[in-house]
Amino acid sequence: MKRSLRLQIISIYSLLTVINLTFVAVMIFENQTDLLIDNFTLESDQIARKILKKIEGIEVQNYDDPEKLADIESKLLSIGIENFSIISVEDRSVEKFKINLEHGSSSSITYLKSKLTTIINAKEAINSSYDIELDSENFIVNLIFYLTEKTFLVSQVRVKEILDRLNSLYIQLGLLLLWGVVFHILFGIFLYRKIFVRLFILKEVSETMSTGDLSARASWNFSSQDELDLLGNTFNGMVERIASQVESLEYKNQQIQTELEIGKNVQECLLPGKKRKFNLITADLFYKPMREVSGDIYDIIEINEERTGFFLADATGHGVSAALITSIIHFNIENIMKETVNPSFIFTRLSEKLFDTLQGSFFATGIFMLFDKEGYAYFCSAGHNPIYYYRKSKGKIVTLNSTGHILGIGIPEEYQVLKIKTEPGDKVLVYTDGVLDSTAPTGEQFGDDRLAELFQSKVNIDPKELVNEIKTAIHTFADHFPDDVTFGIIEIQ
């Protein structure tokens, strides 16, 4: 699964932004809230002292006197106290009370009842001039002034200044958060334009290059002269060098391909061509190099009307090196056969020549069969795969195994020669190990058992048709050919 670097950085940046803004907002809010509460406490005490100062100078014997009550009301209103009540209770019972004066909300009566209940139940004497209780959540001051033992001034004051400052704090925090969001968005856009746009261009150019288009270049305004500009210039320089090297390699590869085509044509000139019928035999062969040139070589030599030779060799390796070895083999075979047609002597001399030329670094396997008019075949094999000889008169296939060591390894040893009685209609299946090594998609190889069974089942058909049957079977079975493939059928006339 592809993971976008941009998305990862955006996610991390957004998370850090939220954490940062939240932390700053919480710290500011907590600090300002503590200051507001401290101010609220001080402000509440000042309010209580103002009220106390206003009512201390009033001598009241009876709080039912309308003039005195009006004077108290006027003084309280003059200092901004708008919610208050003067209440008298009988026998300090909260169930029996009289409102002498009330201005504003009646919530003060509820507060007085709850507060006096505590005082009465505790049976405590009133030792202070007033009682104050703060509601810090709503910034409300609850005050009880003890006018007499049975008369109380009760007031609830909402500190408007603190509330205004709290609302202002909310607005300021909102503006701070808004500015923080805008700032981080602008900074993110700046980073994107400054960094990711150029990185994205480099990514697109790299993907274009991966398709084989080396004309692509990283293009933007290289005015910053920062690390990314340096990276872009370095990248373009690298692409230029790669394109130059690829162009040079393509030119050299074209030269090599041309030379290989020439080598292929030369190598094909060494083969017998499309001729099928020769003195004493008919031959049909299939030849498929792994590359342009092959490490397999074969030839059919009509020595005279009474004798015909067949030669097949498989050099080590593939391609040019193996093709050069086959050329050396073909050249030496022709020269040696000017001296003798004895298969044993031919392979002995050929092995010596290869060792002298290649010093044992390269070698080959091969077979040589000499057919004569008297009805005999002389067979010699230099470490080659077993070949199959079909005797038509007996309906039987005989396996012909190697009669000596491989060619070119420097072992001074004569090759044995098998003398085989031949009859018209007999067939010989010859092949190189590329047939056996042909590989199926499962990794299974074609193998000699499958080849022998196929030869046995189709041996009575025409040699050309038999070659086509084997070719079809190999191509149906295999999807991979790790070696040159050569095989053929020789029929005795």
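Position in the sequence shown (first residue = 1) + 865 = my numbering.
Note that beta-carbon positions come from the ideal geometry of N, C-alpha and C, so glycine has one too.
These numbers come from a predicted model, not from an experiment.
Separation of residue j from residue i, as counted between CA atoms
i, j, result
"isoleucine 1271", "glutamate 1279", "12 Å"
"aspartate 1094", "serine 1084", "10 Å"
"proline 1277", "glutamate 1112", "50 Å"
"asparagine 1197", "isoleucine 1165", "15 Å"
"isoleucine 1201", "isoleucine 1211", "6 Å"
"glycine 1290", "proline 1137", "22 Å"
"phenylalanine 1175", "tyrosine 1163", "7 Å"
"isoleucine 1232", "alanine 1247", "6 Å"
"aspartate 1161", "valine 1293", "18 Å"
"serine 994", "lysine 980", "15 Å"
"isoleucine 1252", "threonine 1230", "13 Å"
"aspartate 1195", "leucine 1135", "A small fix is needed here, since residue 1195 is histidine in this sequence, not aspartate. Their backbone Cα atoms lie some 8 Å apart in a straight line."
"asparagine 1003", "isoleucine 877", "39 Å"
"threonine 1359", "serine 1080", "What is shown of the chain runs 866 to 1358, which leaves residue 1359 out entirely."
"glutamate 1069", "phenylalanine 1346", "38 Å"
"lysine 988", "serine 943", "The pLDDT assigned to lysine 988 is 47, lower than 50, so where the model puts this residue is not dependable; a value taken from the coordinates is nonetheless given after this. When rounded, the distance between both Cα atoms is 35 Å."
"leucine 1189", "arginine 1214", "19 Å"
"glycine 1077", "asparagine 1101", "15 Å"
"glutamine 873", "isoleucine 1060", "14 Å"
"valine 1332", "arginine 1156", "21 Å"
"phenylalanine 1360", "isoleucine 1335", "The structure shown does not extend to residue 1360, since the chain spans only 866 to 1358, so no value can be given for it."
"glutamine 1021", "isoleucine 893", "30 Å"
"isoleucine 1360", "leucine 1150", "Beyond the ends of the chain as shown, which are 866 and 1358, falls residue 1360; an answer cannot be given."
"isoleucine 951", "lysine 919", "14 Å"
"aspartate 1413", "glycine 1097", "This structure leaves residue 1413 out entirely; the chain is present only between 866 and 1358."
"alanine 990", "aspartate 903", "Interpretation of alanine 990 is limited by its pLDDT of 45, a score under 50 that renders its predicted location unreliable; no figure is taken from the coordinates."
"aspartate 1348", "threonine 1268", "24 Å"
"glycine 1184", "asparagine 1207", "31 Å"
"asparagine 885", "valine 891", "10 Å"
Residue interval of the beta strand (DSSP E) (run including residue i)
i, result
"lysine 1286", "1283 to 1286"
"valine 1019", "1016 to 1023"
"phenylalanine 1352", "1350 to 1357"
"threonine 1173", "1172 to 1180"
"glutamate 1002", "Neither: glutamate 1002 is in no beta strand (DSSP E) and is coded neither H nor E."
"isoleucine 1252", "1252 to 1256"
"isoleucine 1162", "1161 to 1169"
"isoleucine 946", "No beta strand (DSSP E) contains isoleucine 946, which DSSP labels as neither H nor E."
Paired residues, beta bridge with residue i - DSSP
i, result
"cysteine 1245", "Phe1233"
"threonine 887", "Its beta-bridge partners do not exist; DSSP assigns none."
"histidine 1270", "DSSP output for histidine 1270 lists no bridge partner at all."
"leucine 1294", "Tyr1253, Ile1354"
"isoleucine 964", "Ile952"
"leucine 1265", "Ile1252"
"tyrosine 1152", "Thr1351"
"tyrosine 995", "Phe1010"
"threonine 1304", "Gln1310, His1345"
DSSP state of residue i mapped onto helix, strand, coil
i, result
"glutamate 1124", "helix"
"alanine 1369", "Since the first and last residues shown for the chain are 866 and 1358, residue 1369 lies out of range."
"glutamine 1310", "strand"
"threonine 1147", "strand"
"valine 1359", "The shown model of the chain, from 866 to 1358, leaves out residue 1359, and the question about it has no answer."
"leucine 1319", "helix"
"valine 1006", "strand"
"isoleucine 1036", "helix"
"lysine 1259", "coil"
"threonine 1013", "coil"
"aspartate 1029", "helix"
"tyrosine 1057", "helix"
"isoleucine 1276", "coil"
"lysine 1142", "strand"
"glutamate 1239", "coil"
"phenylalanine 1220", "helix"
"glutamate 1112", "helix"
"phenylalanine 1087", "coil"
"aspartate 903", "helix"
"arginine 1082", "coil"
"serine 876", "helix"
"asparagine 896", "helix"
Residue range of the alpha helix (DSSP H) that includes residue i
i, result
"isoleucine 1190", "1184 to 1201"
"phenylalanine 1065", "1062 to 1075"
"isoleucine 1339", "1328 to 1342"
Residue i beta carbon near the ligand NAD (any heavy atom closer than 7 Å)
i, result
"leucine 1145", "This structure simply doesn't include the ligand NAD, nor any ligand for that matter."
Neighbour flag for residue i against chain C, beta carbons, 8 Å
i, result
"glycine 945", "Judged by its chain identifiers, the structure shown contains no chain C, having just a single protein chain."
contact_flag[the segment 1251 to 1260, the segment 1213 to 1228] where n(CB pairs < 8 Å) is 3 or more: No, the segment 1251 to 1260 does not touch the segment 1213 to 1228.
Inter-stretch contact at 8 Å, needing at least 3 Cβ pairs: the segment 1231 to 1244 / the segment 1167 to 1181: When C-beta atoms of the segment 1231 to 1244 are compared with those of the segment 1167 to 1181, three or more pairs fall below 8 Å, so the two segments count as touching.
Inter-stretch contact (C-beta, 8 Å, three-pair minimum) for the segment 1121 to 1132 and the segment 1087 to 1104: Fewer than three beta-carbon pairs drawn from the segment 1121 to 1132 and the segment 1087 to 1104 are found closer than 8 Å, and the two stretches are therefore not classed as touching.
The segment 1301 to 1314 contacting the segment 1126 to 1135, beta-carbon criterion three pairs below 8 Å: Touching, no.
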